[in-house]
Amino acid sequence: MQPVALLLLCPLAAALSGRFWHVTDLHWDPDYEAAAGAGQVCPSAGSRAVPAAGPWGSYLCDAPWRLLASAVRAMRNRLQRPDFVLWTGSLTSC
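According to our numbering, the sequence shown is numbered sequentially starting from 0.
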């Protein structure tokens, strides 16, 4: 019975279209501080020292707000008004 239901949905899915943003895994670190000393840059790094952390983040840390805001500006430059936003993945656990 499930294949019949799937076949009935296929024409509907093919008829709908739109332009969208796909956003995933927005791990924002609200406490990220690039100017802090090693080991104090971001709580998301745990006990690991974070050498060479910059204003755009570090691979050991969740993203600073500056990086997320820059990503949204870039998405707007590519597509000003998406028809919808597909948001998947996980979020910061704070």
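Where is the CB? At the ideal position from N, CA and C, for every residue including glycine.
Worksheet item: Hey, P50 and G56 are a contact pair by Cβ (cut 8 Å); roughly how many whole angstroms apart?
Response: On the sequence shown, residue 50 is found 51 positions in, with the first residue counted as 1. On the sequence shown, residue 56 is found 57 positions in, with the first residue counted as 1. Not really, about 13 Å apart at Cβ, beyond 8 Å.
Discussion item. If you follow the beta strand (DSSP E) that W20 is in, where does it begin and where does it stop?
Written reply: Locating residue 20 in the sequence shown gives position 21, counting from the first residue. In the DSSP assignment, W20 falls within the beta strand (DSSP E) that extends over 19-25.
Worksheet entry | Where S57 sits in the DSSP three-state scheme | Within the sequence shown, the letter at position 58 stands for residue 57. Three-state result, S57: coil.
Worksheet item: Whose C-beta lies closer than 8 Å to the C-beta of M0 among residues of the same chain, with five residues either side of it excluded?
Response: Mapped onto the sequence shown, residue 0 falls at position 1. Residue placement at M0 is flagged as unreliable, the pLDDT there being 47, under the threshold of 50; a coordinate-derived value is accordingly withheld.
Worksheet entry | Sequence-distant residues of its chain with Cβ nearer than 6 Å to S43 (five each side left out) | As a working note, residue 43 is residue 44 in the sequence shown. Closer than 6 Å at the Cβ level, and outside the excluded window around S43, lie D28, C60, D61.
Worksheet entry | Exposure of V71, with buried meaning 16 or more beta-carbon neighbours within 10 Å | What you label residue 71 is simply residue 72 of the sequence shown in a count that begins at 1. Flag for V71 reads exposed.
Worksheet item: Can you tell me whether DSSP reads Q79 as helix, strand or coil?
Response: Start at 1 with the first residue of the sequence shown, and residue 79 comes out as number 80. Coil at Q79, not helix or strand.
Worksheet item: Tell me, which residues are paired with V40 by DSSP?
Response: Stepping through the sequence shown from its first residue, residue 40 is reached at position 41. V40 is not bridged to any residue.
Practice prompt. Return helix, strand or coil for L85, following the three-state DSSP convention.
Written response: Within the sequence shown, the letter at position 86 stands for residue 85. The answer is strand: DSSP assigns L85 an E or B state.
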